[in-house]
């Protein structure tokens, strides 16, 4: 039996609320809120936090893709972020979109990134302070990243297909009903135009929530190791691809595998089921 | 074309710059709780359900007075999104006193004029959900009234 890690591989990738309260005004720290609810930030947020929307700020409005490096630099400049700034991400829905934004920052090579453990709901439930004041930070000179790190952290459909054919680890983090093909969207969410239900052949079903406790904090390193390293064959020797429906829930699992378990060969297939389920020629499997 | 109270709200939003539009939407969202049923109120129809278009349970309560004017009350579960809360307060106020038939025939193009094209584009399901539910309960009410009239 594999030895269980006693602590996270990169414990500094997670901060708790006490740490954030102590460091929120540090010059090299920027708190970033990213939510599914597009007006939630406006109703109140952690003092000093800026708002980055997964769709309007991070996605190209015309092509299904992320913004170009120039746009990323502009986003950082107007939020007072430099390449040295430590960005602490948090948000609603157990940090789905916070992990997605963090992953997108990594896509542009921004390395100093952390997650507020438990996210917005825990912060609020603990009675911590919130404000509607929108902070203003002096614009920075964030240089345009030389490239996007697609190859390092992102997977595309043809790579997911190769992964499937080669029998390498593919993790489907959607709900069991989506995995089986009974539904094409997560429970309580609208159908978003996917023709077929099911999963990528060979994928293992490990819903994102498996990695969290009831209060949205992440499970311990030993629990996570048991779930992913022992339970679904993920290892440092094999590349792993994670996917969901549009890439946000799989960003959460990508964060767990990359930062908490320390695997540096995990990529997020952000095209996910909205691409695969509609893609001409893409094979699917149905059932558990 | 639109019920007068709704017309006024539409014009208000159209004059607002984007930042103030969002602030006003949040302010309406804050007031959504005031639309809940009050003790002793009676309704001809109640439609409380959780369906796929919304993140939590939404209850729509309809009272039509002796003059045939509709009055709505709404309950929203804690997970309901801010934009849905805002639309709840806006529509309860804007459609207060309109007839069920007027509400049923209401074109939905005003939603973009209130919320703004950008928010409609990125969260289209959310913005139209409450209007759809209000129209739905009016449809049931009118159908029932016609059935009762023809039976009589």
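Protein chains in written order, with our numbering: chain A, 1 to 288; chain B, 1001 to 1152.
In this text, a Cβ means the ideal position worked out from N, Cα and C, and glycines have one as well.
Residue i CB to nearest chain B CB: under 9 Å?
i, result
"residue 55/A", "yes"
"residue 307/A", "Nothing about residue 307/A can be read from this structure; chain A reaches only from 1 to 288."
"residue 37/A", "yes"
"residue 1/A", "Confidence at residue 1/A is low in this model, with a pLDDT of 47, below 50, so its placement is unreliable and the value that follows should be read with caution. So, not an interface residue."
"residue 40/A", "yes"
Quick one, which of the options has its alpha-carbon nearest residue i's?
i, options, result
"residue 272/A", "263/A, 122/A, 236/A and 178/A", "178/A"
"residue 255/A", "236/A, 96/A and 49/A", "96/A"
"residue 1108/B", "1101/B, 1131/B, 1021/B and 1088/B", "1131/B"
"residue 1102/B", "1141/B, 1050/B and 1117/B", "1141/B"
"residue 1036/B", "1151/B, 1077/B and 1051/B", "1077/B"
"residue 205/A", "5/A, 165/A, 253/A and 267/A", "253/A"
"residue 319/A", "241/A, 137/A, 128/A and 176/A", "Examination of residue 319/A is not possible in this model, given that chain A is present from 1 through 288 alone."
"residue 1063/B", "1017/B, 1097/B and 1113/B", "1097/B"
"residue 115/A", "132/A, 88/A and 133/A", "88/A"
"residue 162/A", "66/A, 28/A, 44/A and 239/A", "239/A"
"residue 203/A", "54/A, 288/A, 38/A and 86/A", "288/A"
"residue 1065/B", "1007/B, 1045/B and 1050/B", "1045/B"
"residue 1202/B", "1133/B, 1111/B, 1148/B and 1129/B", "Given that chain B is displayed from residue 1001 to residue 1152, the structure contains no residue 1202/B and the question cannot be resolved."
Taking the alpha-carbon positions, what's the residue i to residue j distance?
i, j, result
"residue 1029/B", "residue 91/A", "19 Å"
"residue 1/A", "residue 229/A", "Residue confidence for residue 1/A is low, a pLDDT of 47 falling below 50, so the modelled location carries little weight and cannot support an answer."
"residue 1081/B", "residue 237/A", "42 Å"
"residue 1085/B", "residue 1061/B", "15 Å"
"residue 78/A", "residue 72/A", "10 Å"
"residue 1067/B", "residue 1024/B", "32 Å"
"residue 1012/B", "residue 19/A", "43 Å"
"residue 173/A", "residue 201/A", "14 Å"
"residue 23/A", "residue 1072/B", "47 Å"
"residue 326/A", "residue 1095/B", "For residue 326/A there is no data in the structure shown, the boundaries of chain A being 1 and 288."
"residue 232/A", "residue 157/A", "21 Å"
"residue 1122/B", "residue 46/A", "24 Å"
"residue 198/A", "residue 263/A", "27 Å"
"residue 167/A", "residue 57/A", "36 Å"
"residue 1117/B", "residue 1138/B", "27 Å"
"residue 280/A", "residue 268/A", "21 Å"
"residue 1144/B", "residue 49/A", "52 Å"
"residue 1090/B", "residue 21/A", "36 Å"
"residue 1038/B", "residue 117/A", "39 Å"
"residue 1105/B", "residue 1135/B", "8 Å"
Hey, is residue i's beta-carbon within less than 9 Å of any beta-carbon in chain A?
i, result
"residue 1048/B", "no"
"residue 1022/B", "yes"
"residue 1154/B", "Since the first and last residues shown for chain B are 1001 and 1152, residue 1154/B lies out of range."
"residue 1111/B", "no"
"residue 1081/B", "yes"
"residue 1012/B", "no"
"residue 1007/B", "no"
"residue 1060/B", "no"
"residue 1086/B", "yes"
"residue 1029/B", "yes"
"residue 1025/B", "yes"
"residue 1120/B", "no"
"residue 1146/B", "no"
"residue 1123/B", "yes"
How is residue i classed by DSSP in three states: helix, strand or coil?
i, result
"residue 1011/B", "helix"
"residue 1076/B", "strand"
"residue 7/A", "coil"
"residue 37/A", "coil"
"residue 1006/B", "helix"
"residue 206/A", "coil"
"residue 32/A", "strand"
"residue 1173/B", "Chain B is shown from 1001 up to 1152; residue 1173/B falls before or after that span and cannot be answered."
"residue 15/A", "strand"
"residue 1/A", "Reliability of the predicted coordinates at residue 1/A is poor, the pLDDT of 47 falling under 50, and the value obtained from them is presented with this limitation in mind. The answer is coil: DSSP assigns residue 1/A none of H, G, I, E or B."
"residue 89/A", "strand"
"residue 110/A", "coil"
"residue 1154/B", "The shown model of chain B, from 1001 to 1152, leaves out residue 1154/B, and the question about it has no answer."
"residue 1070/B", "strand"
"residue 1090/B", "helix"
"residue 197/A", "coil"
"residue 212/A", "strand"
"residue 1128/B", "helix"
"residue 156/A", "coil"
"residue 266/A", "strand"
Chain E beta carbons: is any one of them nearer than 9 Å to that of residue i?
i, result
"residue 1142/B", "Chain labels in this structure do not include chain E; the protein chains are A and B."
* **Touching by the beta-carbon criterion (3+ pairs, under 8 Å), the segment 1046–1062 of chain B and the segment 5–17 of chain A** => no
* To do: Could you say if the segment 143–160 of chain A and the segment 99–113 of chain A meet the contact criterion of at least three C-beta pairs nearer than 8 Å?
  => yes
* Decide yes or no for the touch test of the segment 137–149 of chain A against the segment 108–128 of chain A: beta carbon pairs closer than 8 Å, at least 3 of them. => yes
* To do: May I ask you to verify whether the segment 204–211 of chain A touches the segment 113–132 of chain A, counting CB pairs closer than 8 Å and requiring at least 3?
  => no
* Would you say the segment 244–254 of chain A touches the segment 262–281 of chain A, given that touching needs at least three Cβ pairs under 8 Å? -> yes
* Just checking, does the segment 75–89 of chain A make contact with the segment 135–146 of chain A on the three C-beta pairs under 8 Å criterion? -> yes
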